[in-house]
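Here is the structure we will look at, set down as structure tokens.
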Amino acid sequence: MPSIRKQTLRGKVAIIGIGMSSVGKVPGKSPLWLAADAAGKALADAGIGKNEIDGVLSSHAFASPFHRFSVAFSEYFGIQPTFSNTLQVSGATAATMFNIGAAAIHSGLAEVVLVVGGDSLLTGLTPDLALRSMTESRDQQYEMPFGIPVANTFAMTAHRHMKDFGTTSEQLAEVAVVQRRHAMRTPGAQQTTPITVDEVLNSGMVTTPYHKLDCSLISDGGAAFILTSAEHAKALGIKNPIYILGGGECYTHEHIFLMPSLTTTGAVESSRRAYDMAGYGPKDMDLAGVYDCFTGTVIMMLEDLGFCPKGEGGRFVEDGQMTYGGQIPSNTHGGLLSFAHSGIPGSLFHFHEVIAQLRGQCGPRQVPDAQLGLVHSLGAGFATNATTILGTENTL
Amino acid sequence: MKKPMPAPDADSAAFWRGMRDGALLLQHCGDCGNVQYYQQAMCRQCGGEDLAHRAASGRGRVHSFSVVHRAPGPAFKADIPYAVLLVDLEEGPRMISTYTGGKPEDVVFDMEVMLVCEKVNDEITLPRFRKA
Ligand SMILES: [Zn+2]
Numbered sequence: 001m002p003s004i005r006k007q008t009l010r011g012k013v014a015i016i017g018i019g020m021s022s023v024g025k026v027p028g029k030s031p032l033w034l035a036a037d038a039a040g041k042a043l044a045d046a047g048i049g050k051n052e053i054d055g056v057l058s059s060h061a062f063a064s065p066f067h068r069f070s071v072a073f074s075e076y077f078g079i080q081p082t083f084s085n086t087l088q089v090s091g092a093t094a095a096t097m098f099n100i101g102a103a104a105i106h107s108g109l110a111e112v113v114l115v116v117g118g119d120s121l122l123t124g125l126t127p128d129l130a131l132r133s134m135t136e137s138r139d140q141q142y143e144m145p146f147g148i149p150v151a152n153t154f155a156m157t158a159h160r161h162m163k164d165f166g167t168t169s170e171q172l173a174e175v176a177v178v179q180r181r182h183a184m185r186t187p188g189a190q191q192t193t194p195i196t197v198d199e200v201l202n203s204g205m206v207t208t209p210y211h212k213l214d215c216s217l218i219s220d221g222g223a224a225f226i227l228t229s230a231e232h233a234k235a236l237g238i239k240n241p242i243y244i245l246g247g248g249e250c251y252t253h254e255h256i257f258l259m260p261s262l263t264t265t266g267a268v269e270s271s272r273r274a275y276d277m278a279g280y281g282p283k284d285m286d287l288a289g290v291y292d293c294f295t296g297t298v299i300m301m302l303e304d305l306g307f308c309p310k311g312e313g314g315r316f317v318e319d320g321q322m323t324y325g326g327q328i329p330s331n332t333h334g335g336l337l338s339f340a341h342s343g344i345p346g347s348l349f350h351f352h353e354v355i356a357q358l359r360g361q362c363g364p365r366q367v368p369d370a371q372l373g374l375v376h377s378l379g380a381g382f383a384t385n386a387t388t389i390l391g392t393e394n395t396l
Numbered sequence: 397m398k399k400p401m402p403a404p405d406a407d408s409a410a411f412w413r414g415m416r417d418g419a420l421l422l423q424h425c426g427d428c429g430n431v432q433y434y435q436q437a438m439c440r441q442c443g444g445e446d447l448a449h450r451a452a453s454g455r456g457r458v459h460s461f462s463v464v465h466r467a468p469g470p471a472f473k474a475d476i477p478y479a480v481l482l483v484d485l486e487e488g489p490r491m492i493s494t495y496t497g498g499k500p501e502d503v504v505f506d507m508e509v510m511l512v513c514e515k516v517n518d519e520i521t522l523p524r525f526r527k528a
């Protein structure tokens, strides 16, 4: 529908600055500090001062449970924005911050938006907060009395995928192996020791079919991004703006037992909308950041995002299609499985990586001539899905 | 350490009363025929409010499952390993529960299961499932 596409934010908003704190084990630093450290780096990268920010979007932090994290952040950072919100759709929050930040700029609500998140799940949680982080997002009446952690909901989707499509534990493990190899080339990654499929399978069962090494890390860390209008980016003389070409979201259920299908998710619709707006399809993407709370999640997403047919995700990964030289190099920084996973902001690292790749700044792990990238964030047992498509100036 | 207990609300009070009396109450919509497990005072399909509670037969089939080996908090440590089930009830709705009355490794896909009303205290009885 080209007549609708004309009104969208496609190409109207550029990412002009990116920043990241140290990640992994960062003791003695609060979520607000991690977010502020990343924000300072993003501003320096953009070459602008903090008073030029007029919008702030953030995620929540388990270790600093402010109701209004974005507002607490602004006070901590010493700014008084005229547009702000703290978004909460679990793991999908990262991509929604980009989509909403771009919409705010496109609509005139703000001109320079800081997208920021930070949390310290590894060193900053009291035992009480740690328990809350694991269980509070599940239904207190219908799920928690049975002892159902969020990992379990994802596990049941992967398990059914194995039953329906013959996906194997070895194929799940291969995702972890590939991403560990990626992390080995990423400075600052939390886990850089090479692993094998056998080591994944022998790492101890968490909740079938997931072993310890099928599960993402627990980390400290923050990331931040500066978004502004394409015109303002030009006026500032930004050398390597990366544009938001499309965004899409989809929310299919709240409770895992009301998920329409355990093996096909809202990512189909969220990515379709993002592709539609961008005017590109899955085959055009040079790389992807795919939310990887668990290995099986990646396999299902490679299918739902259109990189391979439904049911073939396992073989796709086994054939080397999610790494360099394959169809869609994914999570080239190592992802939540090996780079870092500091909770809700975890997927911001996927954005940091895809943007750095599109800028050509990734050195030994650079995807050659990367021009178009997709980031998909999701959460809460696939209840929430959000996709953002990014491109260089050449792709406008 | 105590396990989390459901706190019945306006939408679910009748359901938990039913459990206490040994019945798993499903909501049947008088307008469109939709059957709901998750309790709400409005039909999810048509928005109608003519909902009648009827006891489920208790028969179901395992759509998916996962055996928990790492407990979500100290309250569940003594229970591991336990199998979490997604059960498709004979009447249509899918629900989440856990397996009882056997070893978790006995659970397989599409296994026929039967409701067990497990009394936890004077207020709360939980719906669990055993092999049929
Ligand atoms: Zn109805």
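Keeping their order, the protein sequence lines are chains A and B. Each residue of the first sequence is one higher than the one before, starting from 1 at the first, in the numbering used here. Each residue of the second sequence is one higher than the one before, starting from 397 at the first, in the numbering used here. Where is the CB? At the ideal position from N, CA and C, for every residue including glycine. Here the structure is a predicted model, which is why all the values come from computation and not from measurement.
Rounded straight-line distance, which links the Cα of residue j to that of residue i
i: A:Gln7; j: A:Ala278; result: 12 Å
i: A:Gln180; j: A:Asn331; result: According to the sequence as given, residue 180 of chain A is Arg; it is not Gln. If I take the Cα positions, the gap works out to 10 Å.
i: B:Cys425; j: B:Gln436; result: 11 Å
i: A:Ala183; j: A:Asp369; result: 20 Å
i: A:Asn202; j: A:Thr395; result: 44 Å
i: A:Pro2; j: A:Arg272; result: Unreliable positioning characterises A:Pro2 in this predicted model, as indicated by a pLDDT of 40, which lies under 50. The coordinate reading is nonetheless provided below. If you take the alpha carbons of A:Pro2 and A:Arg272, they lie about 15 Å apart.
i: A:Val116; j: A:Leu358; result: 20 Å
i: B:Pro402; j: A:Ala176; result: 37 Å
i: B:Arg532; j: B:Ala409; result: Shown here, chain B extends from 397 to 528; a query on residue 532 of chain B therefore has no answer.
i: A:Trp33; j: A:Cys215; result: 27 Å
i: A:Ile48; j: A:Asp284; result: 33 Å
i: B:Leu420; j: A:Gly147; result: 20 Å
i: B:Phe472; j: A:Met144; result: 10 Å
i: A:Ile218; j: B:Gly444; result: 45 Å
i: A:Thr123; j: B:Glu487; result: 47 Å
i: A:Lys163; j: B:Lys499; result: 20 Å
i: A:His376; j: B:Asp407; result: 34 Å
i: A:Met156; j: A:Pro364; result: 37 Å
i: A:Arg10; j: A:Tyr251; result: 22 Å
i: B:Met438; j: B:Asp427; result: 11 Å
i: A:Thr392; j: A:Ala110; result: 23 Å
i: A:Val150; j: A:Leu378; result: 13 Å
i: A:Phe307; j: A:His159; result: 21 Å
i: B:Asp506; j: B:Ala528; result: 12 Å
i: A:Thr297; j: B:Ser460; result: 16 Å
i: A:Met134; j: A:Phe294; result: 15 Å
i: A:Glu75; j: A:Asp276; result: 38 Å
i: B:Arg524; j: B:Ser493; result: 6 Å
i: B:Ala479; j: B:Pro404; result: 25 Å
Cβ-Cβ separation, residue j to residue i (assumed contact under 8 Å), whole Å
i: A:Gly118; j: A:Gly40; result: Actually they do not touch by this definition, with Cβ atoms about 12 Å apart.
i: A:Pro31; j: A:Ser120; result: 6 Å
i: A:Pro81; j: A:Gly55; result: 6 Å
i: A:Ile18; j: A:His352; result: 5 Å
i: A:Ser21; j: A:Gln191; result: Wrong, their Cβ atoms sit about 17 Å apart, outside the cutoff.
i: A:Ile389; j: A:Ile15; result: In fact, because the Cβ distance is near 12 Å, the residues do not count as touching under 8 Å.
i: A:Phe257; j: B:Leu482; result: 6 Å
Identity of the residue in the options nearest residue i by Cα
i: A:Ile238; options: A:Ala44, A:Ala383 and A:Pro309; result: A:Ala44
i: A:Gln371; options: A:Leu378, A:Asn99, A:Val354 and A:Thr387; result: A:Val354
i: A:Pro260; options: A:Gly381, A:Glu318, A:Tyr280 and A:His211; result: A:Gly381
i: A:Ile328; options: A:Phe77, A:Gly346 and A:Ala288; result: A:Ala288
i: A:Phe154; options: A:Phe339, A:Thr388 and A:Thr384; result: A:Thr384
i: A:Phe165; options: A:Phe349, A:Phe66, A:Thr263 and A:Leu374; result: A:Thr263
i: A:Ala103; options: A:Gly334, A:Ile244 and A:Met301; result: A:Ile244
Under 8 Å from the C-beta of residue i: neighbouring residues of chain A
i: B:Ala467; result: Gly147
i: B:Arg490; result: Phe257 and Leu258
i: B:Lys399; result: Pro145 and Gly147
i: B:Ser408; result: Gln141
i: B:Leu522; result: Pro145 and Phe146
Chain-ordered neighbours of residue i on chain A, where CB pairs are closer than 9 Å
i: B:Arg403; result: Going by the sequence as given, residue 403 of chain B is Ala instead of Arg. Those are Gln140 and Gln141, listed as they occur along chain A.
Heavy atom of ligand 3 within 7 Å of residue i beta-carbon
i: B:Gly444; result: This structure simply doesn't include ligand 3; it includes ligand 1 instead.
Neighbouring residues, chain A, relative to residue i (Cβ below 7 Å)
i: B:Asp475; result: Gly147
i: B:Val509; result: What B:Val509 touches in chain A: nothing, since even the nearest Cβ is about 14 Å away.
i: B:Phe472; result: Gly147
i: B:Tyr434; result: Tyr142, His255 and Leu258
Residues bridged to residue i [DSSP beta-bridge criterion]
i: A:Glu249; result: A:Ala386
i: B:Pro523; result: B:Cys513
i: A:Asn85; result: A:Leu57
i: A:Ala155; result: In the DSSP output, where bridge partners are listed per residue, A:Ala155 has none listed.
i: A:His333; result: In DSSP, A:His333 forms no bridge with anything.
i: A:Leu378; result: A:Asn385
Cross-chain neighbours of residue i in chain B, by beta carbon under 7 Å
i: A:Leu227; result: Chain B residues near A:Leu227: none, gap ~37 Å exceeds 7 Å.
Under 9 Å by beta carbon: chain B residues contacting residue i
i: A:Met156; result: His459, Ser460, Phe461, Ser462, Val480, Leu481, Leu482 and Ile492
i: A:His159; result: Ser460, Phe461, Ser462 and Phe505
i: A:Met20; result: Near A:Met20 there are no residues of chain B at all, since even the closest Cβ is about 30 Å away, more than 9 Å.
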